[in-house]
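Q:
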Amino acid sequence: MRELLTGNDVVVRAALNAGALGYAGYPITPTTEIMTAWNSASIKDKNLRFLQTEDEMSAGFVTIGMIMGGLKAFTATGGPGNVLMQDPLNMVENMRIPFVAVIGQRGGPSTGSVIYSQQEVILTGWGGNSEGYRVVYSPMNIQELYDYTIKAFNTAWTYRFPTLVLTDGYVVKTRQEVNIYKPKKIVKSYPLLLKSEKRNPKKESNYVNLSNTFVTEEEAFEANKVLMDDLMKMKPKVVESELYKKGSINTLVIAHGLVAGAVKEAINTDGKKMKFGMLRPITLNPFPDIALKKALKGIKKIIIVESAHNQLLKLVKEALYGLNIPIKHYGRPGLGVTPEEILKLIK
Amino acid sequence: MTNLKIPKCWKVSSKPHNFCAGCGYPLMYKALGYNIDELKIQNNTFVGLDIGCALLSWDFLNVDTMQTHHGRTIPVVVGLKKTKPKAVGIAIVGDGGGYAIGAQHLINARMRNEPITVIVINNAVYGMTGGQEAPTSLPGQKTSTTVAGADSHLIQGPRMLSEMLDEEVYIARTSVDNPVQMKNYIRKALEWQINNNGFSLVEVLSFCPTNWHTDAKETREFLNRMKKQYPVGEFKAAKRKPKEDASLE
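These protein sequences, in sequence, are chains Y and C. Per numbering that gives the first Met the number 0, residue 0 is the first one in the first sequence, and the count goes up by one each step. Per numbering that gives the first Met the number 0, residue 0 is the first one in the second sequence, and the count goes up by one each step.
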């Protein structure tokens with residue numbers, strides 16, 4: 000059913016339709032309305048759990064507690080809140096907790112601006128004292144925000160890696176038409192602790208004792224090896240990208256999120272005539288390096304466009320290491336990018 | 000209670016435990032273990048453990064446990080109670096986890112009257128990192144970050160938490176050298192959670208001979224010094240009548 004909704008409302012509708020029953024958060028622009036909409040929903044539906052916590056660390060750790068009991072739960076934040084959220088995120092990476100968060104990027108550094116930027120890519124994908132054992136989706140518009148928020152719960156509960164939906168204030172604050180549907184696939188949740196009240200108290204293996212501390216360096220090495228191996232095994236199943244072009248191309252634009260939407264518009268206008276197309280990573284982590292290399296056939300020039308100085312650029316350079324292909328970069332931290340600007344770049 | 004028997008919920012395979020010789024933690028665990036046995040809540044109890052020496056007991060008892068990040072134990076237990084309101088949630092934290100790095104969570108959990116039980120081990124020092132100053136270090140106490148002696152600023156957790164609101168809670172302070180009282184207070188705290196669906200806390204004054212650099216006799220003396228600064232007993236909530244603002248209705 001098509002409805003006129005803000006991105007923040009869309010997140011709540013997606014979470015509810017994906018079977019989420021819990022939300023803990025701390026208000027921060029631009030994602031505050033996810034929290035207020037969930038609070039309103041929880042008044043009507045007594046099965047829904049809600050807590051406004053004292054800060055984002057608490058929001059993340061309360062969400063973890065809800066999940067441990069078997070509930071699909073999530074949180075949302077952005078900017079400085081995303082910085083604090085790295086504390087719980089590192090724990091869920093280590094302990095393989097199916098944690099979901101929606102990140103509404105705002106301009107950095109510091110308190111920064113409150114609505115838009117793409118400067119939280121590296122933080123969201125690789126933040127903390129970890130090595131990016133997580134999945135990050137970057138939806139291009141409000142419809143994809145709905146699609147990928149649902150998918151985030153399925154990914155998290157299938158692979159037990161934290162899954163984040165990285166968006167921004169322009170997407171979540173704008174009201175647009177979106178198709179709200181019942182998802183075909185919903186992965187069920189299950190308790191990770193307190194699995195049964197009927198346990199033989201004499202059998203030690205009936206009790207779950209979870210630690211996130213490694214006693215030796217070798218233990219840390221082994222645990223990281225398992226995490227990385229599992230991440231690599233998961234990668235082909237979750238990695239996503241879109242190649243968008245009209246006819247044959249010699250210039251490839253690489254962009255993600257809202258900026259990719261602007262590039263798409265530019266391609267629709269003059270892509271065929273000016274022979275350029277776009278490869279957009281939908282998962283920023285894991286990064287679609289194979290799809291990107293494939294898309295380079297016949298390409299003379301790459302243009303990376305992002306609302307940041309060096310976030311997507313970093314990821315693309317790493318993916319293309321060893322290939323000798325010129326890269327042009329258009330970085331606009333804090334600012335949106337219009338289709339007209341894209342067309343100017345191609346000329 | 001008899002000291003000759005170990006609690007039924009003792010996890011035998013994890014013994015000998017990882018705490019230093021003379022540590023007070025195992026004594027607290029004994030008191031907690033007996034209460035879990037007697038209240039018959041072994042299959043319905045969740046223990047969250049902080050970083051610091053608390054982490055050494057991540058598999059001390061045969062109950063479901065989860066070690067968390069430093070200071071973040073209380074939010075995890077709060078979250079689990081949201082999903083499992085009938086479970087008994089216990090957060091075990093040190094004086095750092097409770098009154099320093101996790102203080103905001105403790106204060107807010109008390110303010111919201113979260114139905115969890117917090118056990119704060121107060122040994123006046125940071126044990127795991129090798130004896131730095133705690134928010135509870137005694138005036139003049141020499142630690143590795145107060146080599147000239149700690150200042151006189153210290154936190155009175157139970158008093159602060161009990162007086163901050165009118166709402167009744169169960170808050171008490173006990174010490175590991177009084178196992179009967181310790182067991183009794185922990186029992187009352189757990190029952191408070193079970194029966195009143197509200198917040199409860201027991202601060203346990205505990206030994207740390209390793210970082211106090213004390214022998215057996217001096218250890219007892221140090222604990223007695225702590226008791227002078229931190230009186231044991233049960234704390235009452237402030238008895239102010241809450242003011243209602245009819246204009247907000």
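Virtual Cβ for every residue (Gly too), placed ideally from N, Cα, C. The structure displayed is predicted, hence computed values, not measured ones.
#1: What is the DSSP secondary structure of Thr28 (chain Y), reduced to helix, strand or coil?
#2: For the alpha helix (DSSP H) that contains Phe220 (chain Y), what are its first and last residues?
#3: Could you have a look at His16 (chain C) and say whether DSSP puts it in helix, strand or coil?
#4: Going by beta carbon distance, what residues of the same chain come within less than 8 Å of Asn17 (chain C), once the five residues before and after it are set aside?
#5: Against Arg109 (chain C), what residues of chain Y qualify as contacts under a CB-to-CB distance less than 9 Å, listed in chain order?
#6: May I ask which residues mark the beginning and end of the beta strand (DSSP E) holding Glu305 (chain Y)?
#7: Report yes if the CB atom of Asn81 (chain Y) is closer than 8 Å to the CB atom of Glu119 (chain Y), and no otherwise.
#8: Quick check on the DSSP output: the alpha helix (DSSP H) that includes Val170 (chain Y) runs from which residue to which?
#9: Anything in chain Y within Cβ reach of Asn43 (chain C), meaning under 8 Å, just list it in chain order.
#10: For a test of the three-state rule: what should DSSP assign to Ile66 (chain Y), helix, strand or coil?
#11: Is there a C-beta anywhere in chain C that falls below 8 Å from the one on Met34 (chain Y)?
#12: Can you tell me which of the three DSSP states Pro97 (chain C) falls into?
#13: Kindly indicate if chain Y contains any beta-carbon less than 8 Å away from that of His16 (chain C).
#14: Distance, Cα to Cα, Gln117 (chain Y) vs Ser204 (chain Y)?
#15: Closer than 8 Å, CB to CB, is Pro26 (chain Y) near chain C or not?
#16: Where DSSP assigns a beta bridge to Tyr329 (chain Y), which residues make up the other side?
#17: Quick one, are the C-beta atoms of Phe160 (chain Y) and Val134 (chain Y) less than 8 Å apart?
#18: Going by the beta-carbon positions, is the gap between Met67 (chain Y) and Asn211 (chain Y) smaller than 8 Å?
#19: Which residues in chain Y sit within 8 Å of Ala102 (chain C), going by Cβ to Cβ distance?
#20: Start and end of the alpha helix (DSSP H) containing Asn267 (chain Y)?
#21: How should Ile5 (chain C) be labelled, buried or exposed, when 16 other C-beta atoms within 10 angstroms of its C-beta is the threshold for buried?
#22: Report, in whole angstroms, the separation of the C-beta atoms of Val237 (chain Y) and Thr337 (chain Y), which I expect to be a contact under 8 Å.
#23: Which chain C residues are close to Tyr206 (chain Y), counting only those with a beta carbon under 7 Å from its beta carbon?
#24: Decide if Val76 (chain C) is buried, meaning its Cβ has at least 16 other Cβ atoms within 10 Å, or exposed.
#25: Using DSSP with H/G/I as helix, E/B as strand and the rest coil, what is Gln131 (chain C)?
#26: Tell me, please, whether the CB atom of Gln66 (chain C) is closer than 8 Å to any CB atom in chain D?
#27: Could you give the C-beta distance for Val146 (chain C) and Ala133 (chain C), rounded to a whole number, given that I count them as a contact under 8 Å?
#28: Going by other Cβ atoms of all chains shown within 10 Å of its Cβ, with 16 needed for buried, is Asp44 (chain Y) buried or exposed?
#29: Rounded to whole angstroms, what is the Cα-Cα separation between Leu137 (chain C) and Asn177 (chain C)?
#30: Checking contacts by CB at 8 Å: is Glu55 (chain Y) closer than that to chain C?
#31: Could you tell me whether the Cβ of Phe98 (chain Y) comes closer than 8 Å to any Cβ of chain C?
#32: For Met0 (chain C), which residues in the same chain have their Cβ closer than 8 Å to its Cβ, ignoring the five residues on either side in sequence?
#33: Please classify Asp63 (chain C): does DSSP put it in a helix, a strand, or coil?
#34: Can you name the residues that DSSP bridges to Arg48 (chain Y)?
A: Result, derived from the coordinates:
#1: coil
#2: 216-237
#3: coil
#4: Leu55, Ser56
#5: Chain Y residues near Arg109 (chain C): none, gap ~11 Å exceeds 9 Å.
#6: 300-305
#7: yes
#8: 168-172
#9: Leu193, Glu196
#10: helix
#11: no
#12: Per the sequence presented here, residue 97 (chain C) reads as Gly, with Pro not at that position. Of the three classes helix, strand and coil, the one that applies to Gly97 (chain C) here is helix, per DSSP.
#13: no
#14: 46 Å
#15: no
#16: Y:Val304
#17: yes
#18: no
#19: Ordered by position in chain Y, no residue passes the 8 Å Cβ test against Ala102 (chain C), which lies about 10 Å from the chain.
#20: 256-273
#21: exposed
#22: With 8 Å as the limit, Val237 (chain Y) and Thr337 (chain Y) do not qualify as a contact, their Cβ atoms being about 31 Å apart.
#23: Asn61, Val62, Asp63
#24: buried
#25: strand
#26: No chain D appears in the structure shown, which is made up of the protein chains Y and C.
#27: The pair is not a contact, with the Cβ atoms about 15 Å apart (cut-off 8 Å).
#28: exposed
#29: 21 Å
#30: no
#31: no
#32: Model confidence at Met0 (chain C) stands at a pLDDT of 49, short of 50, so the residue's coordinates are unreliable and nothing is read from them.
#33: strand
#34: Y:Gly21
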